[in-house]
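Colleague: Sending over a structure as structure tokens; questions will come in a sec.
2 protein chains.
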Amino acid sequence: MNNFEEKLISKLDYLKDSTVKDAMIYALSGKGKRVRPRLLYDALKGFNCDFNVDNIAVAIEMIHTYSLVHDDLPAMDDDILRRGRNTCHIQFDEAIAILAGDALLTEAFNLVSRANLKSEKLVKIVRLMADFSGANGMIYGQEIDIKSEGKDSDFETLKTIHKYKTGALISLPLQIACVVSKNDELIPKFKQIGYKLGLAFQIQDDILDVTFTSEELGKSNSDLENQKATSVSVLGLEKATKLMEDLYSDIKSELENIDGFNPDLLLKLIDELTERRK
Amino acid sequence: MNNFEEKLISKLDYLKDSTVKDAMIYALSGKGKRVRPRLLYDALKGFNCDFNVDNIAVAIEMIHTYSLVHDDLPAMDDDILRRGRNTCHIQFDEAIAILAGDALLTEAFNLVSRANLKSEKLVKIVRLMADFSGANGMIYGQEIDIKSEGKDSDFETLKTIHKYKTGALISLPLQIACVVSKNDELIPKFKQIGYKLGLAFQIQDDILDVTFTSEELGKSNSDLENQKATSVSVLGLEKATKLMEDLYSDIKSELENIDGFNPDLLLKLIDELTERRK
């Protein structure tokens, strides 16, 4: 994804020089795994569709990044380390971090509106992006997450948090691939696969958090400090690992059984992410 | 605009119940003048166009409201009073206020994507909304504003702040009216009128701030507390008043000389706003 790293920054060339722009670029340049853009590219190739979706891929990563910048703020998770570097409000200041988050979110929609696809598709993509990142999606997950701090959450609550906070934005690129390739009837199917994948990723993160130090992971372990329940603390390491493995094999078999869809690239991506150590 | 007050809330019916939704509704229910939606409705009538733009009008007011919620945060202007009531982070808390602002911004784009207009127009509207509220627009103005605190800003700096921070979002509904009514060639003209109108409104606000107490105005006078230069502090009351009056008469004569546009409703709205005392 080296090429994507360049696009991620160069797609913002239309913006005036400003500290907010610097902070946007700083936040985007953290060493991310770019899971969401890769899901879009790989799902689209699975549909044998070669439309240029760079603007959409960058937009989704910008929405993910804005959510990290705002979640790290002192009033939220109060994290100082992210992807091995200072969080945005530490590197700049709180005001600039709030504005940079706002700008990443706003310009994500700008990039979608500038994408070279039919207007009908773009309107559907704007709506999906807003639905899954907004008050019925990712933001809803963040609210339940904040409220669960210091409480003994059961696994059902955790699943709800992960569904919205992580799953929504993992499921988004898969659904967008359906829209771009004119396979709208597969949106519900890919939405569900996305939710499962988001849950599997989250459990994997929880497992990594207890098996590696924050130095190794390159981020603060605020879940522990904020007394948040995790799938490991609720289910135990063994059960959590088993659930994660079941989810991954479930997802794989679902992907292999979709008519007209070649799952190879997505399967390879999932394998690669399953084997990751941070 | 009584009818609009109902629409402003009922347009959010598709959102799940949550504290963030409550905070969004709380922030939207403050007694606003609804200047931006009225500019859209009145400009559209001036083009003799009767398309339903309720979703767009509500979306613009949501973007304006999100900017107030975030600007009021402790890390920004640190205001506790807005439109005669607690600011959002005082009424709820900082985390919820950050999320409510994020959600107002996100759902604004959602409402546009759900508006009953041709997709080509909706894509143009999304782009205008993002351009004028994002890092090249309103957010840019907020950054310069924050940076100018405690400094002796000259009037040129103030004009730049007002152009982006206020003018961009005043000019937005006028430009959108051009798109909706298929008068795209008039966008540059209405953009300039919008910037002038924004400057006039801002000078008027500065004048009201020195002639009325914050109790009468229903908001904190954070400009004074944050040692921000204003048009009155820089130009003096007399010169500022003269400039404001010149701007208004300039805007009026421009509006009266646009082919195929009936300026009556906009002129009436401007007259009404000019005579406001808070």
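Protein chains in written order, with the working numbering: chain A, 1 to 278; chain B, 1001 to 1278.
Yeah, the Cβ is synthetic: ideal placement off N, Cα and C, and Gly gets one too.
Report all residues from its chain with a CB closer than 7 Å to the CB of ALA1229/B; omit the five preceding and five following residues, and keep chain order.
Modeller: For ALA1229/B, where only same-chain residues beyond five positions count, the Cβ hits under 7 Å are SER1148, ASP1152, SER1153 and LEU1158.
Colleague: Is it a yes or a no for the stretch 47-55 of chain A touching the stretch 1035-1054 of chain B, going by three-plus beta-carbon pairs under 8 Å?
Modeller: No: fewer than three Cβ pairs fall under 8 Å.
Colleague: Span of the alpha helix (DSSP H) holding ILE1207/B?
Modeller: Note, ILE1207/B: alpha helix (DSSP H), 1187-1211.
Colleague: Could you run through the stretch 125-147 of chain A and flag, in chain order, every residue whose CB is less than 7 Å away from some CB of chain B?
Modeller: From the stretch 125-147 of chain A, only VAL126, ARG127, ALA130, ASP131, SER133, GLY134, ALA135, ASN136, ILE139, TYR140, GLN142, GLU143 and ILE146 have a Cβ closer than 7 Å to chain B.
Colleague: Short check: CB of LYS252/A to CB of LEU273/A, under 8 Å?
Modeller: Going by C-beta atoms, LYS252/A is not nearer than 8 Å to LEU273/A.
Colleague: Chain B partners of VAL20/A, CB-CB under 8 Å?
Modeller: The contacting residues are ALA1135, ILE1139, TYR1140 and GLU1143.
Colleague: What's the C-alpha gap between LYS1278/B and PHE1004/B?
Modeller: Its pLDDT being 46, under 50, LYS1278/B is placed unreliably by the model, and the measurement read from it follows with that caveat. Whole-angstrom Cα-Cα distance: 20 Å.
Colleague: Tell me whether ASN1086/B sits in a helix, a strand or coil according to DSSP, three-state version.
Modeller: ASN1086/B falls in the strand class under three-state DSSP.
Colleague: Which residues of chain A have a Cβ atom closer than 7 Å to the Cβ of VAL1123/B, listed in chain order?
Modeller: Neighbours of VAL1123/B on chain A, chain order: SER113, SER119, LEU122 and VAL123.
Colleague: Leaving out five residues before and five after GLU1094/B in sequence, what residues of the same chain have Cβ atoms less than 8 Å from its Cβ?
Modeller: Hits under 8 Å: LEU1073 and PRO1074.
Colleague: Give me the Cβ distance between ARG1038/B and ILE1170/B, rounded to the nearest whole Å; I'm assuming they're in contact under 8 Å.
Modeller: Actually they are not in contact, since the Cβ atoms of ARG1038/B and ILE1170/B sit about 11 Å apart, beyond 8 Å.
Colleague: Please classify ASN116/A as buried or exposed, where buried requires at least 16 other C-beta atoms within 10 Å of its C-beta.
Modeller: That one is exposed.
Colleague: Using the Cα positions of GLN1175/B and HIS1162/B, report the straight-line distance between them to the nearest angstrom.
Modeller: If you take the alpha carbons of GLN1175/B and HIS1162/B, they lie about 18 Å apart.
Colleague: Against LEU81/A, what residues of chain B qualify as contacts under a CB-to-CB distance less than 8 Å, listed in chain order?
Modeller: Near LEU81/A there are no residues of chain B at all, since even the closest Cβ is about 19 Å away, more than 8 Å.
Colleague: Within its chain, find whatever has a CB closer than 6 Å to the CB of ASP71/A; leave out the 5 residues flanking it on each side and keep chain order.
Modeller: Only ASP77 meet the Cβ criterion.
Colleague: Contact check, SER181/A vs LEU44/A under 8 Å by CB: the rounded distance?
Modeller: Right, the Cβ-Cβ distance comes to about 6 Å (below 8 Å), so this counts as a contact.
Colleague: Quick check: what's the CA-CA separation for ALA1103/B versus PRO1173/B?
Modeller: Approximately 21 Å between the Cα atoms of the pair.
Colleague: Hey, how far is the Cα of LEU122/A from the Cα of THR1087/B?
Modeller: So the two alpha carbons sit approximately 35 Å from each other.
Colleague: Taking Cβ-Cβ distances shorter than 7 Å, what residues in chain A pair up with HIS1070/B?
Modeller: The answer, in chain order, is ILE98 and ASP102.
Colleague: Among the residues of its own chain, which have a CB less than 6 Å from the CB of LEU269/A, if the five just before and after it don't count?
Modeller: ARG38 and ASP42.
Colleague: Write down every uninterrupted run of the alpha helix (DSSP H) in the stretch 1225-1276 of chain B whose length is 4 residues or greater and which is fully enclosed by it, in chain order.
Modeller: Counting only runs of 4 or more, we get 1231-1235, 1237-1255 and 1264-1274.
Colleague: Using the Cα positions of VAL179/A and PRO188/A, report the straight-line distance between them to the nearest angstrom.
Modeller: Computed Cα separation, rounded: 12 Å.
Colleague: Can you tell me which of the three DSSP states LEU1015/B falls into?
Modeller: Three-state result, LEU1015/B: coil.
Colleague: Using a C-beta cutoff of 8 Å, does LEU1015/B count as contacting chain A?
Modeller: Closer than 8 Å: yes.
Colleague: Quick one: is SER249/A buried, meaning 16 or more other Cβ sit within 10 Å of its Cβ, or exposed?
Modeller: SER249/A is exposed by the Cβ-count criterion.
Colleague: Tell me, to the nearest whole angstrom, how far the beta carbon of GLU281/A is from that of LEU105/A; I am working on the premise that it is less than 8 Å.
Modeller: Not covered by the structure: residue 281/A. The range shown for chain A is 1 to 278.
Colleague: Quick one, are the C-beta atoms of LEU199/A and GLY167/A less than 8 Å apart?
Modeller: It is a contact, given that the beta carbons lie within the stated cut-off.
Colleague: So which of THR65/A, ASP50/A and GLY46/A has the shortest CA-CA distance to TYR26/A?
Modeller: Measuring from the Cα of TYR26/A, the nearest candidate turns out to be THR65/A.
Colleague: Could you give the distance in angstroms between the alpha-carbon of ASP1090/B and the alpha-carbon of ILE1080/B?
Modeller: It is Ile, not Asp, that sits at residue 1090/B in the sequence shown. If you take the alpha carbons of ILE1090/B and ILE1080/B, they lie about 6 Å apart.
Colleague: Please check if any C-beta of chain A sits within less than 8 Å of the C-beta of ASN1110/B.
Modeller: Yes, ASN1110/B counts as interfacial toward chain A.
Colleague: Quick check on DSSP: helix, strand or coil for LEU1073/B?
Modeller: Residue state, collapsed to three classes: coil.
Colleague: For GLY1084/B, does the count of other Cβ atoms within 10 angstroms reach 16, so buried, or fall short, so exposed?
Modeller: Looking at its Cβ environment, which holds fewer than 16 other Cβ atoms inside 10 Å, GLY1084/B is exposed.
Colleague: Looking at the secondary structure, which residues open and close the alpha helix (DSSP H) in which SER181/A lies?
Modeller: Looking at the DSSP string, SER181/A is not in any alpha helix (DSSP H), and its letter there is neither H nor E.
Colleague: In this structure, what does DSSP give as the bridge partners for LEU1117/B?
Modeller: Per DSSP, none; premise fails for LEU1117/B.
Colleague: By Cβ distance below 7 Å, which residues in the same chain neighbour LYS124/A in space, the five residues on each side in sequence not counted?
Modeller: If we look at LYS124/A and ignore the five residues flanking it on each side, its Cβ neighbours are VAL179.
Colleague: So that I know if they touch, is there some Cβ in chain A lying closer than 8 Å to that of THR1106/B?
Modeller: It does; some Cβ of chain A falls within 8 Å.
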